[in-house]
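Undergrad:
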Amino acid sequence: MSEDLAKKLARHREEKSLDAFAHRLKGIRVEQFLTHEEVPREALSQLDTFSKLSTRPNTTIASSASPEIIERWYSELLHDAQLESRFYCSTGFEYFAWMQCDVSGAQSISSLRGSIGNNLDFIAHRGRSVASVLEDEYDYLGFFSDY
99 MSEDLAKKLA
109 RHREEKSLDA
119 FAHRLKGIRV
129 EQFLTHEEVP
139 REALSQLDTF
149 SKLSTRPNTT
159 IASSASPEII
169 ERWYSELLHD
179 AQLESRFYCS
189 TGFEYFAWMQ
199 CDVSGAQSIS
209 SLRGSIGNNL
219 DFIAHRGRSV
229 ASVLEDEYDY
239 LGFFSDY
């Protein structure tokens with residue numbers, strides 16, 4: 099099988115799973131899925147800087163904290179980054195790497211973490227801010243900035 103055909107098949111499989119993925123999310127309405135090319139390049143560049151060891155996080159929390167406290171910490175990070183109700187969130191998918199989200203309920207953070215994992219990137223739907231959470235060995239590292 100050619101590499102091109104394999105990519106097309108992989109993209110098709112991923113595309114077929116998007117509806118089920120979106121319906122599993124609680125407290126979030128997914129407006130659309132996007133590729134890396136469809137989000138602002140400057141935002142992606144800023145998110146890349148967060149994974150450099152020289153970049154200090156804006157906030158941290160111990161991974162041993164209770165789930166409720168960690169959920170509140172994620173919410174506070176998004177609030178500080180002005181990303182509370184409408185944003186793009188990384189999906190973990192290869193071809194549809196981002197989704198446009200409208201927060202519609204309190205379970206949004208726990209739902210994102212349960213479906214995607216703890217490492218999440220966010221880009222403002224309107225405006226020019228980004229946020230990222232990276233899971234370290236003992237802590238969660240929270241970053242946010244304008245781009």
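The numbering of the sequence shown is the working numbering, which starts it at 99 and goes up by one. By construction, the Cβ of each residue, glycine as well, lies at the ideal position given by its N, Cα and C atoms.
For F242 versus A179, is the C-beta spacing smaller than 7 Å?
TA: What you label residue 242 is simply residue 144 of the sequence shown in a count that begins at 1. What you label residue 179 is simply residue 81 of the sequence shown in a count that begins at 1. Yes, Cβ-Cβ distance for F242 and A179 is below 7 Å.
Undergrad: If you compare alpha carbons, which of D234, L116, Y245 is closest to L151?
TA: Numbered from its first residue, the sequence shown carries residue 151 at position 53. Comparing Cα-Cα distances from L151 to each of D234, L116, Y245, the minimum goes to D234.
Undergrad: Identify, in the order they occur along the chain, each residue of the same chain with its Cβ nearer than 7 Å to the Cβ of T158, setting aside the five sequence neighbours on each side.
TA: Position 60 of the sequence shown, counted from the start, is the residue given in the question as residue 158. Within the same chain, T158 has close Cβ partners D237, Y238, L239, G240.
Undergrad: Excluding the five sequence neighbours on either side, which residues of its own chain have a C-beta within less than 7 Å of the C-beta of L181, listed in chain order?
TA: On the sequence shown, residue 181 is found 83 positions in, with the first residue counted as 1. The answer, listed in chain order, is F220, A222, S227, A229.
Undergrad: To the nearest angstrom, how far is it from the Cα of D146 to the Cα of P155?
TA: Residue numbering aside, residue 146 sits at position 48 when the sequence shown is read from its first letter. Residue numbering aside, residue 155 sits at position 57 when the sequence shown is read from its first letter. Cα to Cα, D146 sits roughly 13 Å from P155.
Undergrad: Would DSSP call L145 helix, strand or coil?
TA: As a working mapping, residue 145 is identified with position 47 in the sequence shown. Three-state DSSP puts L145 in a helix.
Undergrad: Ignoring anything shorter than 4 residues or poking outside the stretch 103 to 170, list the alpha helix (DSSP H) runs there in chain order.
TA: Qualifying alpha helix (DSSP H) stretches, in chain order: 139 to 148.
Undergrad: On the DSSP bridge assignment, give the partners of R224 in chain order.
TA: The residue given as residue 224 occupies position 126 in the sequence shown. Answer by DSSP bridge pairing: none, since R224 is not bridged.
Undergrad: Excluding the five sequence neighbours on either side, which residues of its own chain have a C-beta within less than 7 Å of the C-beta of N216, listed in chain order?
TA: Reading the sequence shown from its first residue, position 118 is the one you call residue 216. Closer than 7 Å at Cβ, skipping near neighbours: V231, E233, Y238.
Undergrad: Note down the Cα distance separating G203 from L123, rounded to an integer number of angstroms.
TA: For the purposes of this step, residue 203 is identified with residue 105 of the sequence shown, where counting begins at 1. For the purposes of this step, residue 123 is identified with residue 25 of the sequence shown, where counting begins at 1. Rounded to the nearest angstrom, the two C-alpha atoms are 10 Å apart.
Undergrad: For S243, which residues does DSSP report across the bridge?
TA: What you label residue 243 is simply residue 145 of the sequence shown in a count that begins at 1. Answer by DSSP bridge pairing, in chain order: V228.
Undergrad: Helix, strand or coil: how does DSSP classify Y172 here?
TA: Numbered from 1 along the sequence shown, position 74 holds the residue referred to as residue 172. The answer is helix: DSSP assigns Y172 an H, G or I state.
Undergrad: Leaving aside the five residues before and after E136 along the sequence, list all residues of the same chain whose C-beta is less than 8 Å from its C-beta, in chain order.
TA: For this step, residue 136 is matched to residue 38 along the sequence shown. Taken in chain order, the residues that qualify are W196.
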